[in-house]
Structure formats: C-alpha cells, structure tokens
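Engineer: I have a structure here, written as structure tokens, and I will follow up with some questions on it.
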Amino acid sequence: EHLDREIESILGLRERREKDSELYKIANEVFDKTTKETLAYLHRRGKIEALYGVISTGKEANVFAGIDGNGERIAVKIYRTYTTEFRRIWEYLAADPRVGYLPKDMRKLVFVWTRREFKNLQRAIKYAVRVPEPIAFRNNVLVMEFIGGEAPAPRLKDVERELEKEDFEELYNFTIGVIERLWKRGDMVHGDLSEYNILIHNRPVVIDWSQATVRRNRMSLELLKRDLRNVISYFRKRGVDTEDPEEKFRQLAGI
Ligand code: ATP
Ligand code: MN
Numbered sequence: 004e005h006l007d008r009e010i011e012s013i014l015g016l017r018e019r020r021e022k023d024s025e026l027y028k029i030a031n032e033v034f035d036k037t038t039k040e041t042l043a044y045l046h047r048r049g050k051i052e053a054l055y056g057v058i059s060t061g062k063e064a065n066v067f068a069g070i071d072g073n074g075e076r077i078a079v080k081i082y083r084t085y086t087t088e089f090r091r092i093w094e095y096l097a098a099d100p101r102v103g104y105l106p107k108d109m110r111k112l113v114f115v116w117t118r119r120e121f122k123n124l125q126r127a128i129k130y131a132v133r134v135p136e137p138i139a140f141r142n143n144v145l146v147m148e149f150i151g152g153e154a155p156a157p158r159l160k161d162v163e164r165e166l167e168k169e170d171f172e173e174l175y176n177f178t179i180g181v182i183e184r185l186w187k188r189g190d191m192v193h194g195d196l197s198e199y200n201i202l203i204h205n206r207p208v209v210i211d212w213s214q215a216t217v218r219r220n221r222m223s224l225e226l227l228k229r230d231l232r233n234v235i236s237y238f239r240k241r242g243v244d245t246e247d248p249e250e251k252f253r254q255l256a257g258i
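Numbered by UniProt numbering, the letters in the sequence shown go through residues 4 to 258 in order.
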C-alpha cells in the first residue's frame, strides 16, 4: 500500500530494482510497521531523502548511509523495536536521573533509549567533544552527521595495524582528554568508550552514545572506571606509557 511505496522510494527501489541488495534484505528484515511509519514521517519532513547503503548491522541497531532533503550525507541509526536486551536497557534507563517515566513495553522503551542517545550527542558537543552532529530523532530512528568520505570512516580497531607508536600516543591523549573533559566540564560519562566506538576521520570522532549518562547517575562512577580501564589497557598493550587506571579513577572521582 501507500506506506510500502514510500519506503520503496526511500530505499531507491523504484529506480534500481535491486531487490536482492544487502540494503533491501536488511530493510525487509528489520523495518516493522513502526519503523516504516517513522521513516516516512522523517522523509516528509526532509530529514531523510534516501537510504542507499548499510554501514553496520548489530544486535540492537542497524546503521544506514543516506542523504537528507538537501542532498547532505547522513547516517541513520535505527534501533530494533524488539531486542533481547530489554533488561539491560531498562536498568540503564532506570538509573538515569534525567529519565522520568519508564514505559513497560519494549517498543516504547527503545524510543526513550533513542531520545537519550540524541540528547547525549547534543550534550557532548557542548563540551567540545567531536561526535557526529545530531540532526533529528523520532521513535526508534536517529539521524546524524555522516562521518567519512566516499565510504564511512573506519573504526580505530579497523586501522590499528597501520598505526605507529606516535599515533597511539596521540590517540591515547585524545581519548583520556575526552574522558576528562566530559567528566569535569560536562558532568558526563560515555560508558562504552573503546577502539570500536572511535572513528578515524582526519580527527578522531567518538560515536555510540546510547549508554552515556550524567554524573548524578548512581552508575556513573562504575561507568567511568570501566571506560578508564578499557581505554588504558588497550593503549598500554600498544606500547603507550599510560597512566594507572585506578589512580586516574581516584583522581577524577575525587576519592
Ligand atoms: P555495535 O553493537 O555493532 O557496536 P552499535 O549499536 O553499538 O553497534 P554504533 O556503534 O553507534 O552502534 O554504530 C555501529 C557502527 O556504525 C559503528 O561502528 C560505525 O562503523 C558506524 N557508524 C555509526 N555512526 C556513524 C556515523 N555517524 N557515520 C559513519 N559511520 C557510523
Ligand atoms: Mn558501537
């Protein structure tokens, strides 16, 4: 019907007819009615003109490459409305003092999760952390700046083999700087900072802000400690003369 035709148009199927493409397969698998309606809404608002490729498929979300109504490149993160991670998502949201009412059904909980990631991106930008610029969100769909050139930018994990000791040192300082600035100036912690969530595009860009939260969260110290441990252990293994994670933690936490 009408909605399906609008989705076909967003996916460029009318022109290309590549019904066996990866894009079509993923879309077919994960676009339920809510997602289709949400994409159609964003389409009519000029936020998404077309989706033309799959950047990443994950358990919780898929990320697509697209263009907006002005022909600008965008990345579109679309959360699955059903995930097996209900419990984890619920626990993270329940601990966040910014989140009020918590819906009981998965679909609506994912909407809250998506909105929180958008707000986290806005907040991180304020503290001069380089992240994809948030553009729009609705329900389970988040539209943001596309990071990359022709192709999406690689993750630190993807390029680590080509890096020299000096590169790692620079990236270590960058990453610790992000953790410090977020914590001290932004009262915020990323919570999943690793070589998988740093894109390398001219300068490094920190992505995946879904589990980020504020310092007032009762889990924030735990998340800070985890970020420090993961990041420091990664760079230490690559020859960087790092700080001690526990000491750095105590210093930032003020204990
Ligand atoms: P995963 O579970 O695979 O880590 P995720 O749900 O954590 O996925 P993200 O980390 O936000 O989601 O995004 C998944 C992947 O999509 C990233 O590793 C990155 O390669 C790509 N990606 C995300 N955002 C962008 C962006 N704005 N521009 C370009 N690529 C992006
Ligand atoms: Mn990720």
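All C-beta atoms in this analysis are idealised placements derived from N, C-alpha and C, irrespective of residue type, glycine included.
Tell me whether M222 sits in a helix, a strand or coil according to DSSP, three-state version.
Structural biologist: In the structure shown, M222 sits in coil (DSSP, three-state: anything other than H, G, I, E or B).
Engineer: Taking 6 Å as the limit, name every residue whose beta carbon sits nearer than that to some heavy atom of ligand 2, in sequence order.
Structural biologist: In chain order, the qualifying residues are Y199, N200, D211.
Engineer: Here's a check: name, in chain order, each residue in its chain whose Cβ is nearer than 6 Å to the Cβ of N123, leaving out the five neighbours to either side.
Structural biologist: Correct list, in chain order: W212, A215.
Engineer: Which residues in the same chain as R221 place their Cβ atom closer than 8 Å to its Cβ, once the five residues preceding and following it in sequence are excluded?
Structural biologist: A98.
Engineer: Sorted by chain position, which residues of the same chain lie with C-beta nearer than 7 Å to F121's C-beta, five sequence neighbours on each side aside?
Structural biologist: Contacts found: P137, F140, L145.
Engineer: Between G242 and R232, what straight-line distance do the alpha-carbon atoms span, to the nearest angstrom?
Structural biologist: Each residue's Cα considered, the two are about 16 Å apart.
Engineer: Among the residues of its own chain, which have a CB less than 8 Å from the CB of L45, if the five just before and after it don't count?
Structural biologist: Closer than 8 Å at Cβ, skipping near neighbours: I51, A139, R141, V144, V146.
Engineer: Using C-beta distances below 8 Å, list every residue in its chain close to K251, excluding the 5 sequence neighbours before and after it, in chain order.
Structural biologist: Correct list, in chain order: I179, L231, I235.
Engineer: Bridge partners of L54, per DSSP?
Structural biologist: BP columns for L54 point to G69.
Engineer: Going by Cα to Cα distance, which pick from E249, N73, N176, E225 is closest to D195?
Structural biologist: Among E249, N73, N176, E225, the Cα nearest to that of D195 belongs to E225.
Engineer: By the three-class DSSP mapping on this structure, what secondary structure does A156 have?
Structural biologist: Note: A156 maps to coil in three-state DSSP.
Engineer: As an exercise, report each continuous alpha helix (DSSP H) stretch of at least 4 residues that is fully enclosed by the stretch 81 to 134, in chain order.
Structural biologist: Listed in chain order, they are 89 to 97, 109 to 129.
Engineer: Within 8 Å: the Cβ of P155 and any heavy atom of ligand 3?
Structural biologist: In the structure on display, ligand 3 does not appear, and the ligands it does have are ligand 1 and ligand 2.
Engineer: Given 8 Å as the limit, is there contact between the stretch 46 to 65 and the stretch 78 to 85, that is, 3 or more CB pairs closer than that?
Structural biologist: Taking 8 Å as the limit for Cβ pairs, the verdict is that the stretch 78 to 85 does touch the stretch 46 to 65.
Engineer: Closer than 8 Å by C-beta to Y130: which residues in its own chain qualify, once you throw out the five before and the five after it? Chain order, please.
Structural biologist: R184, L185, R188, G189, M191.
Engineer: Residue range of the alpha helix (DSSP H) that V181 falls in?
Structural biologist: From DSSP, the alpha helix (DSSP H) with V181 extends over 168 to 187.
Engineer: Does the stretch 149 to 167 come within contact of the stretch 88 to 105, defined as at least 3 CB pairs closer than 8 Å?
Structural biologist: No, they do not touch.
Engineer: Using beta-carbon positions only, say whether residue 259 and F177 come within less than 9 Å of one another.
Structural biologist: The question about residue 259 has no answer, for the chain in this structure spans 4 to 258.
Engineer: When we look at the beta-carbon of L174 and count the other beta-carbons within 10 Å, is it buried (16 or more) or exposed?
Structural biologist: By the neighbour-count rule (16 or more Cβ atoms within 10 Å), L174 is buried.
Engineer: Does the beta-carbon distance from I210 to I203 come in below 9 Å?
Structural biologist: Their beta carbons are not under 9 Å apart, which means I210 does not touch I203 by this criterion.
Engineer: Tell me which same chain residues have a C-beta within less than 7 Å of the C-beta of G151, skipping the five on either side of it?
Structural biologist: Excluding sequence neighbours, G151 sits near H204.
Engineer: Please report the residue range of the alpha helix (DSSP H) in which F252 lies.
Structural biologist: Residues 248 to 256.
Engineer: Would the C-beta of K80 count as close to ligand 1, meaning under 8 Å from any of its heavy atoms?
Structural biologist: Yes; taking the cut-off as 8 Å, the Cβ of K80 has a heavy atom of ligand 1 nearer than that.
Engineer: Please identify the residue among L14, G103, L105, V115 whose C-alpha is closest to the C-alpha of Y27.
Structural biologist: If we check each option's Cα against that of Y27, L14 comes out closest.
Engineer: Output yes or no for whether 9 Å exceeds the beta carbon distance between Y85 and R118.
Structural biologist: No, these two residues do not count as a Cβ contact at 9 Å.
Engineer: Express the C-alpha separation of T245 and F114 in angstroms, rounding to a whole number.
Structural biologist: So the alpha carbons of these two residues sit roughly 39 Å apart.
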